[in-house]
Every structure is written in C-alpha cells, then in structure tokens.
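Visitor: A single structure is presented below for examination.
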Amino acid sequence: MFRVNPKTVTRWARAGKISAIKTLGGHRRFKASEIEQLLATTGEDAAAPSA
0 MFRVNPKTVT RWARAGKISA IKTLGGHRRF KASEIEQLLA TTGEDAAAPS A
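Numbered according to numbering that gives the first Met the number 0, the sequence shown spans residues 0 to 50.
Here it is in structure tokens:
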C-alpha cells in the first residue's frame, strides 16, 4: 500500500514511532494515517522504490 516493507513498519511500532494493535493471532494492525504522517514528517517518499 505504501511501498514500505512490513518489517520496517513493525520496527517503527516497536520504536514507538507509530501505534499498533496486536490481534489474538499475534498479528499487528496499524493506522494508515499514522504511517502516512510518519512518511511525510521524515521526508521519505513511499512511492519511490529504493535501489
């Protein structure tokens, strides 16, 4: 969706940069708005693939 590796999003949550809800099955759910905001504040372009 944001062209960000899922492991990166998990690391952001562990670092406290975004919030996450953990499901009973152990999966994490993130708010898209928080990811968008983090990408905007860090100046990263999620649409541009890295080499």
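For each residue, glycine too, the CB sits at the ideal point set by N, CA and C.
#1: For residue 9 and residue 27, what's the separation of their Cα atoms in angstroms?
#2: Thinking residue 33 and residue 18 are a contact (beta carbons under 8 Å), I'd like their distance in whole angstroms, please.
#3: Drop a sphere of 10 angstroms on the beta-carbon of residue 12, count the other beta-carbons inside from all chains shown, and report buried for 16 or more, exposed for fewer.
#4: When DSSP labels each residue in this structure, what does residue 20 get in the three-state scheme?
#5: In this structure, does DSSP put residue 28 in helix, strand or coil?
Guide: Answer, in terms of the structure:
#1: 8 Å
#2: Yes, they are in contact, since the Cβ atoms of residue 33 and residue 18 sit about 6 Å apart, within 8 Å.
#3: buried
#4: When secondary structure is reduced to three states using DSSP, residue 20 falls in the strand class.
#5: strand
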